[in-house]
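5 is the number of the first residue of the sequence shown in the working numbering; add one for each residue after it.
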Amino acid sequence: MSEVASWLDTIARIFHWIPDLATPEQVQSALREILDDPGLELYWWDWEQERYVDVAGVPTPAEPRAGPGMALSRVEYETRRIGALVHDARLHDVPEFTDTFLPLVRIAMERDRLHRDLVAKLDQLNASRLRILQAGDAERRRLERNLHDGAQQRLTASLLGIRTLAVKLEDQPELARLARGAQEELQGAIDELRELARGLHPPLLARDGLAAALRAGAARASLPVELDLDLPRRLPVDLEAAAYYVCSEACTNAVKHARASGVWLRAVEAGKTLTVIVRDDGVGGACIECQDEASGLGGLVDRVEALGGTLELVSPEGRGTTLTATFPVPSGA
Ligand SMILES: Nc1ncnc2c1ncn2[C@@H]1O[C@H](COP(=O)(O)OP(=O)(O)OP(=O)(O)O)[C@@H](O)[C@H]1O
Ligand SMILES: [Mg+2]
């Protein structure tokens, strides 16, 4: 009975000593402590590389070797390896070691391994999301520059030509009217193109930052936009771009769908967090998942989450819509 009690005690100590989300080093030193075996070494089986790695992630040349007085126990299921333990050889004479202790260590090691794999995969996923967005943004900047320096410049030059023509044709009213009509059309096309280029990636955002770009956007909007900005400094370019796109999509939606009388936009950086809140007083009923295809709000979720942020939409029927994005501001930013 006392042996059982002492093994129950050991098991309890495993749970007590190995903290949640323990590092491999912590697990190894906890096992050393529990078994009173300072030479104990723990190895994980690396599935991808098909070899053992030690607690620091350093691969072992072949099988981990047990020195004098030590023994090697494999930690594995019938179908797959989990790891290995080099320990005091005398532990082999204790039946509970193989029957109870090793299976427990097996569960703990596998759980730990799965957790670390998951965290690594999530990091990779977010990094690749961010790379896709950055590639998209670079393309938008390139298009914006090309439109600005190419088509827009040429149309503006043509506009000057037509303007001169209209002046020269003043004594021929019918032709002058046609020229003025063409001039107005062309002016409209230039304005639309400028608006389109700005929407792609406003140059003001890169040059003067989020607050300036939001002020300019609000001044251009076809609904009154009340601003409450507390943005004391420039933030990383991806962060400013994401916050800007949240505001611009929310304002565009308010104009397109909400039948609102106005928009209220608050952007504040405080305590390592950037929060952007855009509210309208329109019909509500907005929904992120309702669209089958990629949509404005769905795209924002990707953009915000790729930076470790969260996006929340509150839009009860008939009671307006509030979109809130919260981003962590990277330390050192
Ligand atoms: N402020 C709002 N007020 C009322 N309804 C909204 C509002 N914003 C969005 N919606 C509703 O939610 C849907 C999803 O919006 P979302 O921005 O994702 O797509 P969209 O505006 O229709 O298309 P896109 O943004 O791709 O041009 C809209 O189609 C609209 O029905
Ligand atoms: Mg939209």
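Don't be surprised by glycine CBs; every beta carbon is placed ideally from N, CA and C. Remember, it's a predicted structure, so these values are computed and weren't measured experimentally.
One residue list follows from the rule of a beta carbon closer than 5 angstroms to any heavy atom of ligand 2, given in chain order as Asn-257 and Gly-300.
The DSSP assignment places complete alpha helix (DSSP H) segments of no fewer than 4 residues inside the segment 187-234 at 207-212 and 214-224, in order along the chain.
The alpha carbon of Leu-218 has as its nearest neighbour, out of Arg-270, Thr-102 and Leu-35, the alpha carbon of Arg-270. Relative to Glu-321, the option among Asp-41, Ser-299 and His-261 whose CA is nearest is His-261. Look at Leu-122 here: in three-state DSSP terms it is helix. Under the three-pair Cβ rule at 8 angstroms, the segment 242-253 counts as touching the segment 276-292.
Secondary structure note for Tyr-56: its beta strand (DSSP E) is the uninterrupted segment 55-57.
By the C-beta density criterion, Leu-315 is buried, having at least 16 other C-beta atoms within 10 angstroms. According to DSSP, residue pairing for Trp-51 in a beta bridge does not occur. Counting only the Cα atoms, Glu-244 lies some 6 angstroms from Leu-214. Arg-323 counts as exposed, since fewer than 16 other beta carbons sit within 10 angstroms of its beta carbon.
At the C-beta level, Ala-201 and Arg-184 stay beyond 8 angstroms of one another. Remark: the shortest separation between the CB of Glu-293 and any heavy atom of ligand 1 does not fall under 7 angstroms. Selection Tyr-81, Val-272, Gln-295 and Ala-290 evaluated against Thr-330 yields Val-272 as nearest (Cα-Cα).
Here Thr-83 is exposed: its Cβ has fewer than 16 other Cβ atoms, across all protein chains shown, within 10 Å.
DSSP places Ile-281 in the strand class (E or B) of the three-state scheme. Straight through space, the alpha carbons of Glu-293 and Ala-310 are spaced by roughly 18 angstroms. Taking non-hydrogen atoms of ligand 1 into account, the C-beta of His-261 is found less than 7 angstroms away from one of them. Listed in chain order, the non-local C-beta contacts of Tyr-56 below 8 angstroms within the same chain comprise Tyr-47, Trp-48, Trp-49, Asp-50, Pro-63, Thr-64, Glu-67, Pro-68, Gly-87 and Ala-88, local neighbours out to five positions each way being set aside. Residue range 85-92 is occupied by the beta strand (DSSP E) that includes Ile-86, with no alpha helix (DSSP H) assigned at that position. In the DSSP assignment, Pro-68 falls outside any beta strand (DSSP E), carrying neither H nor E. Boundaries for Leu-239: no alpha helix (DSSP H) harbours it, and the DSSP string shows neither H nor E there. When rounded, the separation of the alpha-carbon atoms in Ala-258 and Leu-35 is 59 angstroms.
His-205 places its beta carbon less than 8 angstroms from that of Asp-141. Membership of Leu-269 in the beta strand (DSSP E) is indicated by the continuous run 267-274.
Nearest C-alpha to Leu-233 among Leu-179, Pro-28 and Ala-274: Ala-274. Annotation: Ala-225 to Gly-192 spans about 17 angstroms, alpha carbon to alpha carbon.
Checking the 7 angstroms criterion, the Cβ of Ala-290 is within range of a heavy atom belonging to ligand 1. According to the DSSP assignment, Leu-327 belongs to the beta strand (DSSP E) that extends over 325-332.
Straight-line measurement puts the Cα of Leu-159 at about 20 angstroms from the Cα of Pro-207. Per DSSP, Ala-75 is one residue of the beta strand (DSSP E) stretching across 74-80.
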